[in-house]
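Below you'll find the structure, written out as structure tokens, and then a few comments.
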Amino acid sequence: MKRFLVNTVINALGLWVISALIPGVHLVPYGGDGIGNLIGTLLVIGAIFGVINSLIAPVIKVIAFPLYLLTFGLIAFVINGSLLLFVAWISQQLSPGTFSIDGFTPSGLAVNSFWWAILAALIMSVCSFIGRGLSKALKIL
1134 MKRFLVNTVI NALGLWVISA LIPGVHLVPY GGDGIGNLIG TLLVIGAIFG VINSLIAPVI
1194 KVIAFPLYLL TFGLIAFVIN GSLLLFVAWI SQQLSPGTFS IDGFTPSGLA VNSFWWAILA
1254 ALIMSVCSFI GRGLSKALKI L
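Letter 52 of the sequence shown, counting from 1, is numbered 1185 in this note's numbering, and no numbers are missing.
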């Protein structure tokens, strides 16, 4: 349980970083514009991201193993971007317009915005790597 909570906070910080850095990723807090609403929204979406990465990602990575071999692992960027789009879609189901990536809305799909998702997933991976390293160094986990 402690590991899940720490990973949720790390994911929430990563989501905050990508929503601040990438112009194609938007985060609108649930319930208003207060700092508490923003923190709560980040924690909820961070928990969704953690559940998706722990349940769905391993299955997809096993199924896509031949593609990992063919592309020398570069397919991981596409898979991680797709999982981030899935998290955005789930958060849209909770409240429309909460966490979105340009072009991926309930009403349509624009192909050029998939690259925002891949870039966001790359930055999210770096943030998670740094956060997990810090949590192990501080002996939180």
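Virtual Cβ for every residue (Gly too), placed ideally from N, Cα, C.
| query | In this structure, does DSSP put I1193 in helix, strand or coil? | reply | By 1-based counting over the sequence shown, the position of residue 1193 is 60. Three-state result, I1193: helix.
| said: Relative to the C-alpha of A1250, which candidate in L1271, G1264, K1272 and V1220 has its C-alpha closest? | reply: Numbered from its first residue, the sequence shown carries residue 1250 at position 117. The residue with the shortest Cα to Cα distance from A1250 is V1220.
| task | Just confirm the distance between the C-beta atoms of I1181 and S1224, as a whole number of angstroms; I'd bet it's less than 8 Å. | result | Within the sequence shown, the letter at position 48 stands for residue 1181. Within the sequence shown, the letter at position 91 stands for residue 1224. Indeed, because the Cβ distance is near 6 Å, the residues count as touching under 8 Å.
| query | Where are the alpha helix (DSSP H) runs, 4 residues long or more, that stay fully inside the segment 1205-1266, in chain order? | reply | 1208-1227
| So, using beta-carbon positions, are V1158 and C1260 closer together than 8 Å? | The residue you call residue 1158 lines up with position 25 of the sequence shown. The residue you call residue 1260 lines up with position 127 of the sequence shown. For V1158 and C1260, no; Cβs fall outside 8 Å.
| field | Cutoff 7 Å; reference I1185; Cβ partners in own chain excluding five residues on either side | value | For the purposes of this step, residue 1185 is taken as residue 52 along the sequence shown, with counting starting at 1. The answer, listed in chain order, is L1216, F1219 and V1220.
| Where DSSP assigns a beta bridge to V1158, which residues make up the other side? | Against the sequence shown, residue 1158 aligns to sequence position 25. I1234.
| query | If you follow the alpha helix (DSSP H) that L1175 is part of, which residue opens it and which one closes it? | reply | For the purposes of this step, residue 1175 is taken as residue 42 along the sequence shown, with counting starting at 1. Start and end: I1168 to L1188.
| field | 6 Å CB neighbourhood of G1241 in its chain, flanking five on each side removed | value | Counting from one through the sequence shown, the residue named residue 1241 turns up at place 108. With a pLDDT of 41 at G1241, under the threshold of 50, the predicted position of this residue should be treated as unreliable, though the coordinate-derived value follows. Excluding residues within five positions, none has a Cβ falling inside 6 Å.
| So what does DSSP say about L1148, is it helix, strand or coil? | Against the sequence shown, residue 1148 aligns to sequence position 15. In the structure shown, L1148 sits in a helix (DSSP, three-state: H, G or I).
| task | Look at the alpha carbon of V1244 and the alpha carbon of I1273, and state the distance between them as a whole number of angstroms. | result | For the purposes of this step, residue 1244 is taken as residue 111 along the sequence shown, with counting starting at 1. For the purposes of this step, residue 1273 is taken as residue 140 along the sequence shown, with counting starting at 1. Caution applies to V1244, whose pLDDT of 38 falls short of 50 and renders its modelled position unreliable; the value that the coordinates give is listed next. Their Cα atoms are separated by approximately 41 Å.
| Terminal residues of the continuous alpha helix (DSSP H) containing Y1201? | Position 68 of the sequence shown, counted from the first residue, corresponds to residue 1201. F1198 to L1203 is the span of the alpha helix (DSSP H), which, as asked, contains Y1201.
| Alpha-carbon to alpha-carbon, V1192 and S1233 | On the sequence shown, position 100 is the one that residue 1233 refers to. On the sequence shown, position 59 is the one that residue 1192 refers to. Going from the Cα of S1233 to the Cα of V1192 covers about 25 Å.
| message | Rounding to the nearest angstrom, what Cα-Cα distance links L1265 and I1143 in this structure? | response | Against the sequence shown, residue 1265 aligns to sequence position 132. Against the sequence shown, residue 1143 aligns to sequence position 10. Residue 1265 is actually Arg in this sequence, not Leu. When rounded, the distance between both Cα atoms is 8 Å.
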